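Each residue of the first sequence is one higher than the last, beginning at 30 in the numbering used here. Working notes, beginning with the structure itself.
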Amino acid sequence: MYPLIAIVGPTASGKSELGLYLAGSLSGEIINYDSVQIFRHLNIGAAKPSIEDRQRVPHHMIDIREPTEIFTAGDYQKEARLVLEEIRNRRKLPILVGGTGLYLRALTEGLFDGPARSVYWRNRLEMTAERKGRKYLHSVLKRLDRVAAIRIAENDKPKVIRALEVRLQTGIPLSQHLDEMPRRPITGFEVHAIGLNPPRDELYKRINERVNRMFQAGLVEEVRDLLANGIPPSAKPFEAIGYRHVITNIDSCIPPDETIRIIQRDTRRYAKRQMTWFRKQPEVTWFDGPGDNEEIKNKVHQFLKPLVTF
RNA sequence: GGACAGGUGGCCGAGCGGUUAAUGGCAGCAGACUGUAAAUCUGCCGCUCCUUGCGGGCUACGGAGGUUCGAAUCCUCCCCUGUCCA
Numbered sequence: 030m031y032p033l034i035a036i037v038g039p040t041a042s043g044k045s046e047l048g049l050y051l052a053g054s055l056s057g058e059i060i061n062y063d064s065v066q067i068f069r070h071l072n073i074g075a076a077k078p079s080i081e082d083r084q085r086v087p088h089h090m091i092d093i094r095e096p097t098e099i100f101t102a103g104d105y106q107k108e109a110r111l112v113l114e115e116i117r118n119r120r121k122l123p124i125l126v127g128g129t130g131l132y133l134r135a136l137t138e139g140l141f142d143g144p145a146r147s148v149y150w151r152n153r154l155e156m157t158a159e160r161k162g163r164k165y166l167h168s169v170l171k172r173l174d175r176v177a178a179i180r181i182a183e184n185d186k187p188k189v190i191r192a193l194e195v196r197l198q199t200g201i202p203l204s205q206h207l208d209e210m211p212r213r214p215i216t217g218f219e220v221h222a223i224g225l226n227p228p229r230d231e232l233y234k235r236i237n238e239r240v241n242r243m244f245q246a247g248l249v250e251e252v253r254d255l256l257a258n259g260i261p262p263s264a265k266p267f268e269a270i271g272y273r274h275v276i277t278n279i280d281s282c283i284p285p286d287e288t289i290r291i292i293q294r295d296t297r298r299y300a301k302r303q304m305t306w307f308r309k310q311p312e313v314t315w316f317d318g319p320g321d322n323e324e325i326k327n328k329v330h331q332f333l334k335p336l337v338t339f
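Structure follows, in structure tokens:
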């Protein structure tokens, strides 16, 4: 079994710093699992590692799509697994760093072997939702996939649509796919998950500061440039925290302080959601401090060292 | 000293006689989530008890009284804050 490190934790907990450090001390390469860093040109708001860091340590799964392209958890699974193979062939330690729990799960545990998204069905279902409402769409799901309908909230349009899409395309309910079809977990790798969980106060402080720094670094200018270069405001990664706020306020008279406040708030809420996801993640060894803390770095290193012989 | 305006749960702010422990927002907490996931969605958010129920008790709308079957909502006095006039 080849070792694979996964660093998990909320945004701004210092995952990147820890990843960099471990890559240095354990001869590793970094594989991003953040859904926004996938996209080129979104740098400041995505908190991408610096050019220097990326020259020092190889980074993968960063800047691999244009903002206008579509990228899904399925794509991630496929491409990241290839990267993993390459790193193993090079006899380096793969270190997963990021914050998108679904991507990490897709990579390690696999997705069910179902259909990718279908533009055709999406459009139809989207229109139905538009015309008749989410409630109605949910009632259709109740008819076609009772189990999924119970699991998915009436208002959760994206999940209702996905469930319907799977059912309509395959004839088999999503719930059945999920419950009965075998997934394809990653093989040949042994995952060691390191969790970073700084005290809440400290985390929130770090988040607030980080958002301030993003503005100082020119987040607004970055968004302006992207728009000027023809990337439409509707581009998927512009839905990300920070980007969507800047875009909606860019031509308004809302003061920057207010925009910053909202971004900080939404980032905090995002961090909470990440924690509820990662808490469920199996076999994580948690460390109660930020990843850029020397003591934490050492502890993690000591912990990992005997486990990652390769 | 006088004239207004106002004092509501951690904060802001509605309510202006009765399904009001009190809309909403902020702040916070917990959770769900296998194909655009930094997305999307759900619940809690005065205290407390249990047989966890559209359950019971207690405490709450500056303070003290009063009117009323019933008051955050009306009246009286007091305290405090803001603006204006002296």
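Glycine included, every Cβ here is placed at the ideal spot set by N, Cα and C. Note that the coordinates shown come from a computational prediction; the quantities given were computed from them, not determined experimentally.
Mind checking residue 325: buried by the 16 CB within 10 Å criterion, or exposed?
Against the first sequence, residue 325 aligns to sequence position 296. Result: buried.
Go ahead and pull the three-state DSSP assignment for residue 59.
Taking the first sequence and counting its residues from 1, one reaches residue 59 at position 30. Strand, per DSSP.
Using a Cβ distance threshold of 8 Å, determine whether the region 121 to 129 contacts the region 39 to 50, with at least three qualifying pairs required.
yes
For residue 190, which residues from the same chain have a beta carbon less than 6 Å from its beta carbon, with the 5 sequence-adjacent residues on both sides left out?
As a first step, residue 190 is located in the first sequence; it is residue number 161 there, counting from the start. Contacts found: 154.
Between which residues of its own chain and residue 287 is the CB-CB distance below 6 Å, once the five residues before and five after are set aside?
In the first sequence, counting from the first residue as 1, residue 287 sits at position 258. None.
Rounded to a whole number of angstroms, what is the C-alpha to C-alpha distance between residue 137 and residue 182?
Here residue 137 refers to the residue found at position 108 of the first sequence. Here residue 182 refers to the residue found at position 153 of the first sequence. Taking the straight line from one Cα to the other gives about 27 Å.
Classify residue 65: buried if its beta carbon has 16 or more other beta carbons within 10 angstroms, exposed otherwise.
Residue numbering aside, residue 65 sits at position 36 when the first sequence is read from its first letter. Result: buried.
Can you tell me whether residue 296 is buried or exposed, with buried defined as 16 or more other CB within 10 angstroms of its CB?
Sequence index remark: in the first sequence, residue 296 carries index 267 (1-based). Counting Cβ neighbours within 10 Å, residue 296 comes out buried, since at least 16 surround it.
Where does residue 86 sit, in a helix, a strand or coil, going by DSSP?
For the purposes of this step, residue 86 is taken as the residue at position 57 of the first sequence. Residue 86 falls in the coil class under three-state DSSP.
Tell me whether the beta-carbon of residue 132 lies closer than 8 Å to the beta-carbon of residue 149.
Residue numbering aside, residue 132 sits at position 103 when the first sequence is read from its first letter. Residue numbering aside, residue 149 sits at position 120 when the first sequence is read from its first letter. Contact flag unset, no.
What is the C-beta distance between residue 67 and residue 94, in whole angstroms, given that I count them as a contact (C-beta under 8 Å)?
Mapped onto the first sequence, residue 67 falls at position 38. Mapped onto the first sequence, residue 94 falls at position 65. Indeed, because the Cβ distance is near 5 Å, the residues count as touching under 8 Å.
If you follow the alpha helix (DSSP H) that residue 130 is in, where does it begin and where does it stop?
As a working note, residue 130 is residue 101 in the first sequence. Segment 130 to 138, the alpha helix (DSSP H) holding residue 130.
Quickly, what does DSSP pair residue 219 with across the bridge? List them, please.
Taking the first residue of the first sequence as 1, we reach residue 219 at position 190. Answer is 32.
My understanding is that residue 270 touches residue 97, with C-beta atoms under 8 Å, so please give their C-beta distance in whole angstroms.
Sequence index remark: in the first sequence, residue 270 carries index 241 (1-based). Sequence index remark: in the first sequence, residue 97 carries index 68 (1-based). The pair is not a contact, with the Cβ atoms about 20 Å apart (cut-off 8 Å).
Hey, out of 45, 196, 117, whose CA is closest to residue 145's CA?
Here residue 145 is taken as the residue at index 116 of the first sequence, counted from 1. Comparing Cα positions, the closest option is 196.
Which same chain residues, not among the five before or five after residue 273, have their C-beta less than 8 Å away from its C-beta?
The sequence position of residue 273 within the first sequence is 244, counting from 1. So the qualifying residues of the chain are 267.
According to the neighbour-count rule (16 or more other Cβ atoms, all chains shown, within 10 Å of its Cβ), is residue 162 buried or exposed?
Counting from one through the first sequence, the residue named residue 162 turns up at place 133. By the neighbour-count rule (16 or more Cβ atoms within 10 Å), residue 162 is not buried but exposed.
Please confirm whether residue 36 and residue 112 have their CB atoms less than 8 Å apart.
Along the first sequence, one-based indexing puts residue 36 at 7. Along the first sequence, one-based indexing puts residue 112 at 83. No, these two residues do not count as a Cβ contact at 8 Å.
Would you call the region 225 to 240 and the region 309 to 323 in contact, with 3 or more CB pairs under 8 Å?
Short answer: they touch.
Determine whether the beta carbon atoms of residue 174 and residue 192 lie at a separation below 8 Å.
Residue numbering aside, residue 174 sits at position 145 when the first sequence is read from its first letter. Residue numbering aside, residue 192 sits at position 163 when the first sequence is read from its first letter. Yes; because the gap between Cβ atoms is below 8 Å, this pair is in contact.
Which runs of the alpha helix (DSSP H), 4 residues or longer, sit entirely within the region 154 to 233?
163 to 173, 175 to 180, 186 to 199, 203 to 209
Would you report the Cα separation of residue 352 and residue 327, rounded to the nearest angstrom?
This structure cannot speak to residue 352, because the chain is shown only from 30 to 339.
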